[in-house]
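Colleague:
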Amino acid sequence: MGILSWLFPSPDDRVRRARSFLEGGRPDEARMEVLELDHPEAAEILEVAERRLAEQNLEAAVSWAQAGDDERVAIHLELAERFDHGGLEEAFRGARRRLREIRSERSEAARRRKEEEQARLLASDPLGLTGGPSWLDHQVPSDLLDPDREEIEQRLALLVENYPEALREQVRGLGVGFARAVLELEDGRADQALQGLLSLPDDQPLVQWERARAAHALGDPAAAARAVRAFARHAQGHHPMGRLHSGVYLAQLLTEAGDPHAALRALREVRQASPQEGGGLFAQLLLLTGALEEAEATTRELIRDSPRSMPLYGLLARIRLAGDHRSEAMRALEAGLEATHCSPGQCGFRPPDLDANRLLAILYLEDKIEVERALELAETAMGLVQQPVWEDLYLRALVAQVRAEPGASEIAEQLIAQTPRDHPRRGAALALLG
0 MGILSWLFPS
10 PDDRVRRARS
20 FLEGGRPDEA
30 RMEVLELDHP
40 EAAEILEVAE
50 RRLAEQNLEA
60 AVSWAQAGDD
70 ERVAIHLELA
80 ERFDHGGLEE
90 AFRGARRRLR
100 EIRSERSEAA
110 RRRKEEEQAR
120 LLASDPLGLT
130 GGPSWLDHQV
140 PSDLLDPDRE
150 EIEQRLALLV
160 ENYPEALREQ
170 VRGLGVGFAR
180 AVLELEDGRA
190 DQALQGLLSL
200 PDDQPLVQWE
210 RARAAHALGD
220 PAAAARAVRA
230 FARHAQGHHP
240 MGRLHSGVYL
250 AQLLTEAGDP
260 HAALRALREV
270 RQASPQEGGG
280 LFAQLLLLTG
290 ALEEAEATTR
300 ELIRDSPRSM
310 PLYGLLARIR
320 LAGDHRSEAM
330 RALEAGLEAT
340 HCSPGQCGFR
350 PPDLDANRLL
360 AILYLEDKIE
370 VERALELAET
380 AMGLVQQPVW
390 EDLYLRALVA
400 QVRAEPGASE
410 IAEQLIAQTP
420 RDHPRRGAAL
430 ALLG
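Take a look at the structure:
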């Protein structure tokens, strides 16, 4: 399948792709290919795909039941019912029968475990005479009887190590609610984590830090930024939090929230105290805010420290392009490709960089220079594409134009049709038609 069929598949292409997904055991992708597709075979493929998805979700429900996660069991049962077109009645009955058996087994196992735990604890310290909590005291948190307590404590210990030493002692005072919320967040349940964190004191810096992480995970960078600022206020400034510096994180959040100028101010303040923090983000923010000279100087300094980092050369090229220095941008990309080149099997080998090869090929072809080199770069770039973007089709159109391929005009017209009127490169696309 050519790049055009990949980027703009016909109904027949999509049906063939859907059948291939079915044969490969990927009914979810097969379903997406034919969903709402106007093709005589689409309805049949959709029904087969959804039937298999229903069966997979029934199997997943049983697996999650065995793992003790009733919430996910309910989700997968609901999905199975949604995908069922009839004919799976026996499969549903069998799955529900197995779910009842698993719950019964879990209840019996829990009862036996509780009896054994009570017997052991009563035998060792029935009234708490050794100074520990009395196991007859109903005020003792049920978490202490959790059979997975050792594993949970180990996970918490690893998380606490990421906190600044001066703040670690606060964890103990925040109690079980904080520990549970942090574990919920680590397990991908940010909504539940945030709910628990909102019930804890607002003036605790670690509470604010974890609220920020939860809000960010839920897609609200502005709320996360407010929480990081509250963290810094209560923690007497920003701190390294494991591999992430809280000040750099604040700048990242402000950038995602659409305020690069505030992000730059925050990061500049951090770098005054810790110049080694957030260099790459700092250079990108300088580019975004138009401070091109400082952006170039910062990026060149970063390259001196990390001469084999291709993304830094790409950033330098974008900075130079923003200043309309195309030749210098090309030199930056060529320097990066040369600095990072290493043959397979040798120490330090990395796969070719898609962005660098694509951008350099586009620049050469637009300026109609180094055509042979440009075609070589384009071939490398197109071989690396996994999720095509606009630039991939634009590059394909440039290649077709330079090679004077018979379908070059058609490719250019398809590119223009897929380019919104407000797209910053629409003029470049229109130029392909002369």
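Each residue of the sequence shown is one higher than the one before, starting from 0 at the first, in numbering that gives the first Met the number 0. All C-beta atoms, glycine included, are put in the ideal place defined by N, C-alpha and C.
Mind checking which residues open and close the alpha helix (DSSP H) that includes residue 238?
Modeller: Translated into positions along the sequence shown, residue 238 becomes position 239. Residue 238 -> no alpha helix (DSSP H), and no H or E assigned at all.
Colleague: Within a Cβ cutoff of 7 Å, which residues of the same chain sit near residue 298, ignoring the five residues on either side of it in sequence?
Modeller: As a first step, residue 298 must be located in the sequence shown, where it is residue number 299. Counting only Cβ-Cβ distances below 7 Å, and skipping sequence neighbours, we find 282, 311, 314, 315, 318.
Colleague: Have a look at residue 255 and residue 167 and give me their C-alpha separation to the nearest angstrom.
Modeller: Counted from its first residue, the sequence shown places residue 255 at position 256. Counted from its first residue, the sequence shown places residue 167 at position 168. Their Cα atoms are separated by approximately 29 Å.
Colleague: Residue 178 and residue 155: beta carbons closer than 7 Å?
Modeller: Mapped onto the sequence shown, residue 178 falls at position 179. Mapped onto the sequence shown, residue 155 falls at position 156. Cβ distance < 7 Å, so residue 178 and residue 155 count as in contact.
Colleague: Relative to the C-alpha of residue 261, which candidate in 278, 240, 276, 284 has its C-alpha closest?
Modeller: Taking the first residue of the sequence shown as 1, we reach residue 261 at position 262. Closest option to residue 261, Cα to Cα, is 284.
Colleague: Which two residues bound the contiguous alpha helix (DSSP H) that contains residue 298?
Modeller: Residue mapping note: residue 298 aligns to position 299 of the sequence shown, counting from 1. Run containing residue 298: 291-304, per the alpha helix (DSSP H) assignment.
Colleague: How far does the alpha helix (DSSP H) with residue 406 in it extend, from its first residue to its last?
Modeller: For the purposes of this step, residue 406 is taken as residue 407 along the sequence shown, with counting starting at 1. Per DSSP, residue 406 belongs to no alpha helix (DSSP H) and is neither H nor E.
Colleague: Are three or more beta carbon pairs between the region 70-77 and the region 41-48 nearer than 8 Å?
Modeller: These segments do not touch.
Colleague: Look up residue 87 in the DSSP assignment and say whether it is helix, strand or coil.
Modeller: Counted from its first residue, the sequence shown places residue 87 at position 88. In the structure shown, residue 87 sits in coil (DSSP, three-state: anything other than H, G, I, E or B).
Colleague: Using three-state DSSP, classify residue 243 as helix, strand or coil.
Modeller: Stepping through the sequence shown from its first residue, residue 243 is reached at position 244. In the structure shown, residue 243 sits in a strand (DSSP, three-state: E or B).
Colleague: Whose C-alpha, out of 115, 172, 47, is nearest the C-alpha of residue 85?
Modeller: For the purposes of this step, residue 85 is taken as residue 86 along the sequence shown, with counting starting at 1. Minimum Cα distance to residue 85 is reached at 47.
Colleague: To the nearest angstrom, report how far apart residue 55 and residue 21 are at their CA atoms.
Modeller: As a position in the sequence shown, residue 55 is number 56, starting the count at 1. As a position in the sequence shown, residue 21 is number 22, starting the count at 1. Roughly 13 Å separates the two Cα atoms.
Colleague: Need the endpoints of the alpha helix (DSSP H) that residue 391 sits in, please.
Modeller: Locating residue 391 in the sequence shown gives position 392, counting from the first residue. That run of the alpha helix (DSSP H) goes 389-401.
Colleague: How far does the alpha helix (DSSP H) with residue 382 in it reach, from first residue to last?
Modeller: Here residue 382 is taken as the residue at index 383 of the sequence shown, counted from 1. Taken as a continuous stretch (DSSP letters only), the alpha helix (DSSP H) holding residue 382 covers 370-383.
Colleague: Looking at the unbroken alpha helix (DSSP H) that takes in residue 172, where does it start and where does it end?
Modeller: Start at 1 with the first residue of the sequence shown, and residue 172 comes out as number 173. Element bounds for residue 172: 169-185.
Colleague: What residues in its chain sit with their C-beta under 7 Å from that of residue 161, if we drop five residues either side in the sequence?
Modeller: Counted from its first residue, the sequence shown places residue 161 at position 162. Same-chain partners within the cutoff: 240, 241.
Colleague: Scan the region 255-279 and note each continuous beta strand (DSSP E) run of 3 residues or more that stays entirely inside, going in chain order.
Modeller: Within the region 255-279, no complete beta strand (DSSP E) run reaches 3 residues.
Colleague: Would you tell me roughly how many angstroms separate the C-alpha atoms of residue 230 and residue 182, rounded to the nearest one?
Modeller: Taking the first residue of the sequence shown as 1, we reach residue 230 at position 231. Taking the first residue of the sequence shown as 1, we reach residue 182 at position 183. When rounded, the distance between both Cα atoms is 19 Å.
Colleague: Can you grab the Cα-Cα spacing for the pair residue 434 / residue 335, in whole Å?
Modeller: Limits of the chain in this structure are 0 at one end and 433 at the other, which puts residue 434 out of reach.
Colleague: What would DSSP say about residue 358, mapped onto helix, strand or coil?
Modeller: One-based indexing of the sequence shown puts residue 358 at position 359. Of the three classes helix, strand and coil, the one that applies to residue 358 here is helix, per DSSP.
Colleague: Rounded to whole angstroms, what is the Cα-Cα separation between residue 434 and residue 426?
Modeller: No answer is possible for residue 434: it lies beyond the span of the chain, which begins at 0 and ends at 433.
Colleague: Suppose you measure from the CA of residue 340 to the CA of residue 304; what does that come to, to the nearest Å?
Modeller: The residue given as residue 340 occupies position 341 in the sequence shown. The residue given as residue 304 occupies position 305 in the sequence shown. Residue 340 and residue 304: Cα-Cα distance of roughly 18 Å.
Colleague: Among residues of its own chain, excluding the 5 on either side of residue 94, which ones have a beta-carbon nearer than 7 Å to its beta-carbon?
Modeller: Here residue 94 refers to the residue found at position 95 when the sequence shown is read from its first residue. Counting only Cβ-Cβ distances below 7 Å, and skipping sequence neighbours, we find 57, 60, 61.
Colleague: Mind checking whether residue 364 and residue 355 have CB atoms under 7 Å apart?
Modeller: Against the sequence shown, residue 364 aligns to sequence position 365. Against the sequence shown, residue 355 aligns to sequence position 356. For residue 364 and residue 355, no; Cβs fall outside 7 Å.
Colleague: Helix, strand or coil, according to DSSP, for residue 322 in the structure here?
Modeller: Position 323 of the sequence shown, counting from 1, holds the residue named residue 322. In this structure, residue 322 counts as coil in the three-state DSSP scheme.
Colleague: Check each candidate in 216, 266, 199 and name the one with the smallest Cα separation from residue 228.
Modeller: Position 229 of the sequence shown, counted from the first residue, corresponds to residue 228. Nearest C-alpha to residue 228: 266.
Colleague: Under three-state DSSP, which class holds residue 137?
Modeller: Within the sequence shown, the letter at position 138 stands for residue 137. Caution applies to residue 137, whose pLDDT of 39 falls short of 50 and renders its modelled position unreliable; the value that the coordinates give is listed next. Residue 137 falls in the coil class under three-state DSSP.
Colleague: Do residue 213 and residue 192 have their beta-carbon atoms positioned less than 7 Å apart in this structure?
Modeller: Along the sequence shown, one-based indexing puts residue 192 at 193. Along the sequence shown, one-based indexing puts residue 213 at 214. It is a contact, given that the beta carbons lie within the stated cut-off.
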